[in-house]
Structure formats: C-alpha cells, structure tokens
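Below is one structure, written out as structure tokens, with a few remarks after it.
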Amino acid sequence: MQTKRETSNTKSRQTIVPSIWSTLAPMDLIKQRMQDVKNGKAPAFPILNLPNMGNYSWLPTPMNFIREQIKASKSGQMVTTKWFSTLYPTAWFTTPMDVVKFNMQAKTAKTSTHATTPVVASPMVPPPGKKGPDFPKWMPSMDQIHTQVWNGLNFSTVALFTSFSIVFVQSPIKTMLVSLTKNGTMIPPYQGGVLGFFNAMYAGTSASLSGSVIRSGYVSSAKGGSKPVEENLLKDEGTLQEEGKKYSGATWRYIGPMALGELLVTQISESLSTLRKGNILPENFKWKTPHNAWSLMSGGFIPRYGSGLINFTALCVLEDKIAKKLQFEGGKGHLISGAAAGAVAGGCAYVPTVYKDYLLLQSKVTPDGRLHNASTFKITKELFYCFLNDPKTSLKSFGSMALKQVPMRMCLTAAIFGIVSSVGETMGPEPLKKVVPEDYQPSPGKSRHTMFATKGSTPRIEEVVEEQSNEKEQNKGSKLN
1 MQTKRETSNT KSRQTIVPSI WSTLAPMDLI KQRMQDVKNG KAPAFPILNL
51 PNMGNYSWLP TPMNFIREQI KASKSGQMVT TKWFSTLYPT AWFTTPMDVV
101 KFNMQAKTAK TSTHATTPVV ASPMVPPPGK KGPDFPKWMP SMDQIHTQVW
151 NGLNFSTVAL FTSFSIVFVQ SPIKTMLVSL TKNGTMIPPY QGGVLGFFNA
201 MYAGTSASLS GSVIRSGYVS SAKGGSKPVE ENLLKDEGTL QEEGKKYSGA
251 TWRYIGPMAL GELLVTQISE SLSTLRKGNI LPENFKWKTP HNAWSLMSGG
301 FIPRYGSGLI NFTALCVLED KIAKKLQFEG GKGHLISGAA AGAVAGGCAY
351 VPTVYKDYLL LQSKVTPDGR LHNASTFKIT KELFYCFLND PKTSLKSFGS
401 MALKQVPMRM CLTAAIFGIV SSVGETMGPE PLKKVVPEDY QPSPGKSRHT
451 MFATKGSTPR IEEVVEEQSN EKEQNKGSKL N
C-alpha cells in the first residue's frame with residue numbers, strides 16, 4: 001500500500017524521496033539524542049552535526065552543569081566552560097557566591113600581613129629663640145615690634161618734652177617780636193586784664209606746638225644723623241684729624257637738604273602761628289583748603305630758607321666745635337655750647353627772619369575767607385626805592401629796630417638751641433627706663449638668641465670681638481719686640 005508521498009509524480013515522472021524528518025517520529029528523535037548524550041557523541045543528523053568544541057558534550061544538560069559544579073566545589077576548582085576558555089578566563093555558569101569566594105581567596109593570597117604600628121602625632125615645638133609659629137619674611141617678629149615700639153615711645157617722650165619746653169619759652173617772645181615788626185611796640189593790644197594779656201602773649205600756641213613737635217623730632221634726627229663716624233672709635237690722633245675733615249665735609253653737604261626738609265614740614269604751622277599772633281586771621285579762618293594751604297606754604301618761603309641755612313649751620317657745625325673747646329662734662333657743656341651757637345645764629349639770621357615776618361604780616365584775607373600773600377618782588381622793590389630815596393632815615397629805622405629785636409632773637413634762639421642740645425643729653429635715649437618696669441623693657445644683653453634674658457648672659461658676638469681684639473694686640477706687641 002502506497003502513501004500519497006510515495007506515489008510517483010505522473011506529470012514530472014519523478015519519484016519523491018522521503019526526508020529523515022518525515023520518517024522519524026519525535027519520540028525517536030528524543031531517544032536518539034539521549035543515547036548520543038550518554039555515549040558522548042554528536043547526533044548524526046545533518047542539521048545538528050556541529051563540531052565538538054570540548055571534552056564536554058556539544059549541548060550539555062542542566063544536570064551535567066550541576067554535577068560538574070559539585071565536583072569542582074569538592075576539589076576546590078572553578079567550573080570552566082571549554083567553549084569560551086580561549087575568549088574569557090572567568091567561569092561561565094557560576095553562582096554569585098562562587099564569585100565572592102574567588103575574590104576573597106585572591107585578595108588573601110596577594111596581600112601580605114605586616115605589623116601595624118600606631119601613628120602618634122608629634123607635638124609642634126618652635127625652634128630655640130623663637131616664640132610661636134614662623135612668620136613670613138616680610139612680617140617683623142614680635143621682638144622687633146617690641147623694640148620698635150619701645151624706641152618710638154622713648155623718642156616721642158623726648159620730642160614732646162622738648163617741644164613743650166620750647167613753646168613755653170618761645171611763644172611769648174615771638175609774640176613780642178611780631179608786635180615790634182607790625183606795630184613798633186613789644187606788647188600787643190589786648191583786652192580782659194591778666195587773662196587777656198596771657199591770651200594775647202600765647203596766641204597761636206597750638207600751631208606753634210604742632211610745628212615745634214615736628215621740628216624737635218626732625219632737628220634731633222638731623223643733628224644725630226649728620227655724623228658719619230663715631231669719634232670714640234678713633235684712637236689715633238692723625239686718623240682723628242682726617243676723619244674730622246671728612247665729618248666736616250659731610251656735615252656741610254647735609255645742611256642744605258636738612259634746612260629744606262625742616263622748612264617743608266614746619267612752614268604751614270609757622271606761618272599760621274605768625275599770622276595769628278599778628279591778628280591777621282579771623283576766628284573762622286579755614287586753612288585746610290588748597291588755596292589757603294598753598295598761601296601759608298609760599299608766604300616768606302625764600303627768606304625763611306635763608307634763615308634755616310644759618311640755623312642749621314650753627315646747630316650742626318658751630319655747636320659741636322664749641323662743645324669740643326669747652327671742658328664741661330654731661331649736659332652742661334651741650335647747654336652752654338648750644339646757647340652760644342644759638343646766639344650767633346640769632347644775630348646772623350636777623351635780616352632774613354625779620355623780612356619773612358614782614359612779608360607774612362602784609363597778607364590779607366578776603367571776605368570769602370581766601371588768604372592772599374603780598375608779592376615778595378613788590379615788597380622788595382618798595383624797600384629798595386625807599387632806601388634810595390632816603391638812605392639815612394632807612395638805616396636809622398633799621399638800626400633802631402635791630403637794637404630792639406636782635407638781643408631778643410639771640411636770646412630766643414639760644415634758649416631753643418640750648419633746650420634741643422641739652423634735653424636729649426639729660427634725659428638720655430631711653431627716658432622711660434626709669435618709669436617702665438624692667439620686665440617690659442627690651443634689652444639687647446639679655447639673651448644670645450633674643451632680646452630678653454638675664455643680665456648675666458653675655459652675647460657671644462661680644463666675646464668673639466674681645467678675643468679678636470686681644471689677639472690683635474698680642475700680635476702687634478710680638479711684632480714690635
């Protein structure tokens with residue numbers, strides 16, 4: 001009996017060959033596959049005839065994977081699939097726990113145990129001679145700040161004491177000189193009895209005090225800074241004479257700049273004081289405007305610079321020469337030499353000083369509060385023509401005024417120079433040393449590293465210098481022998 005597929009095709013006269021899928025039942029296919037799995041062979045079907053890619057079957061069942069995993073876990077090995085062994089070394093079908101175990105075993109195998117020692121932070125100890133942390137290079141240390149503040153306070157104390165002493169003597173005498181120049185009388189007009197008299201005599205004292213403070217500090221620094229060498233370091237007489245010549249030349253070079261500097265820092269206050277003493281300025285005068293400040297600075301500038309040259313020459317040159325000739329010790333010699341040099345300076349500087357006061361007293365203040373100075377050229381021309389018209393009367397007037405003012409100006413300048421020369425010598429460079437406790441004073445001989453220690457310790461640099469000086473003296477003595 002033939003089926004429909006086995007019958008020949010009458011039209012094409014070809015017989016139909018049945019395929020294996022049509023003759024093999026599904027159950028036979030499953031049986032054949034299971035038999036091939038047991039034998040470890042691939043099936044003989046053409047469509048499933050794949051190459052063998054490992055020792056395992058070409059398509060292992062899940063039970064095969066489970067068995068292989070159990071064997072690998074017992075032996076301590078990982079399950080590797082031969083199909084992808086060349087592509088990726090990691091296990092293919094592994095559980096997450098296997099991955100965790102494998103990573104832990106790898107870490108313990110690679111890391112080696114070392115003995116751990118606890119880390120203890122060492123305390124921050126400043127280096128010897130320093131207090132606290134290091135500061136930047138541009139910032140001074142606390143010792144330097146302490147020393148600078150101490151020096152500034154001592155200098156300010158000397159300057160203030162000197163200024164108050166000068167103003168107490170200078171203000172009434174200067175008022176009389178201004179009144180002589182303006183009115184021809186020593187006592188200016190006043191009202192109100194004794195109190196009005198003192199108010200008139202000490203008019204413009206606040207401006208004089210501010211100018212005197214600046215002048216005292218400036219003159220003290222200029223007088224001390226004009227000496228290029230210390231005389232006590234020169235032992236040879238010939239060397240002393242040579243250095244004295246150098247000192248004299250250096251001082252002469254400093255006189256012009258020192259006089260100009262003193263003029264620039266005190267001109268406004270001096271002009272303001274002179275105008276108030278001459279009753280030129282109103283009560284509500286404001287000098288801080290640019291116009292008024294320039295008028296105060298330029299009023300009598302040239303004659304005052306001439307008098308400043310004379311005063312600084314006497315203060316820096318003549319006073320030292322007189323002090324060397326005198327046999328007094330301490331502040332008495334400086335007081336006498338300063339007074340003598342001031343008297344000479346007051347007499348020599350009379351003409352430019354009076355002319356400066358006369359120019360300032362010719363100034364006027366407009367209703368809107370603007371100060372206008374008289375022209376220096378115009379006033380000079382008027383005085384010159386006045387002298388040409390009547391020389392005898394002009395000389396007589398000048399002589400009578402000079403007889404009144406020159407002694408007063410000499411005494412005033414002598415007192416100022418004597419105060420400037422003696423106060424610093426009497427009070428010393430550190431007047432606060434007698435008032436401030438020793439614990440708060442910076443002392444250079446207290447420590448080898450800082451400026452604070454006991455007095456018994458001596459800086460090492462002094463010891464080295466002494467040893468070197470002793471060795472030099474011994475070498476000189478051996479050479480002479």
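Counting along the sequence shown from 1, when you hit position 194 you're at 194 in the working numbering, and nothing is skipped either side.
The beta carbon of each residue, even a glycine, is placed where N, CA and C say it ideally should be.
Where do the N-terminal and C-terminal ends of the alpha helix (DSSP H) with residue i fall, by residue?
i: R409; result: 391 to 427
i: N284; result: From DSSP, N284 is part of no alpha helix (DSSP H); its letter is neither H nor E.
i: P290; result: 290 to 298
i: P303; result: 301 to 313
For residue i, does the three-state DSSP call read helix, strand or coil?
i: L326; result: coil
i: L371; result: strand
i: K364; result: strand
i: V194; result: helix
i: T185; result: coil
i: G278; result: coil
i: Q441; result: coil
i: G204; result: coil
i: A341; result: helix
i: V435; result: coil
i: E262; result: helix
i: A72; result: helix
i: A501; result: The chain is shown only over 1 to 481; residue 501 falls outside these bounds and no answer can be derived.
i: E430; result: coil
Might you give, ordered along the chain, the residues of its own chain that have their beta carbon closer than 8 Å to the beta carbon of residue i, omitting 5 neighbours on each side?
i: C348; result: I310, A314
i: S269; result: A207, S208, S210, G211, I214
i: L263; result: F301, R304, Y305, G308
i: K396; result: none
Which same chain residues end up closer than 6 Å to residue i when comparing Cβ atoms and leaving out the 5 residues on each side of it in sequence?
i: G204; result: S273, R276, K277
i: S208; result: V167, S171, S273
i: G338; result: E319, F417, G418, S421
i: Y202; result: S171
i: K356; result: G300, P303, R304
i: M295; result: According to the sequence as given, residue 295 is Ser; it is not Met. If we look at S295 and ignore the five residues flanking it on each side, its Cβ neighbours are L371, N373.
i: D195; result: According to the sequence provided, residue 195 is Leu. The question's Asp does not apply to it. Closer than 6 Å at Cβ, skipping near neighbours: no residue.
i: M176; result: M186
i: Q32; result: none
i: F197; result: Y190
Leaving out the 5 sequence neighbours to the left and right, which residues in its chain are closer than 7 Å to residue i when beta-carbon positions are compared?
i: S298; result: N373
i: L281; result: L275, V365
i: F312; result: I255, M258, A259
i: I379; result: L359, Q362
i: T185; result: S179
i: T162; result: S216, I419, V420, V423
i: C386; result: S394
i: L160; result: V213
i: H334; result: A323, S421, S422, E425
i: T157; result: P431, L432
If you measure from the beta carbon of residue i to each beta carbon in chain C, is any gap under 8 Å?
i: P437; result: This model lacks chain C altogether; it includes just one protein chain.
Whole alpha helix (DSSP H) runs in the segment 138 to 183 with 4 or more residues, listed along the chain?
142 to 182, all fully within the segment 138 to 183.
At least 3 beta-carbon pairs within less than 8 Å: the segment 177 to 196 vs the segment 133 to 153
no
Quick test of the definition: if touching needs 3 or more C-beta pairs under 8 Å, does the segment 343 to 357 touch the segment 402 to 415?
yes
Touch check for the segment 282 to 301 and the segment 369 to 386: three-plus C-beta pairs under 8 Å?
yes
Do the segment 402 to 411 and the segment 316 to 329 meet, that is, are 3 or more Cβ pairs less than 8 Å apart?
no
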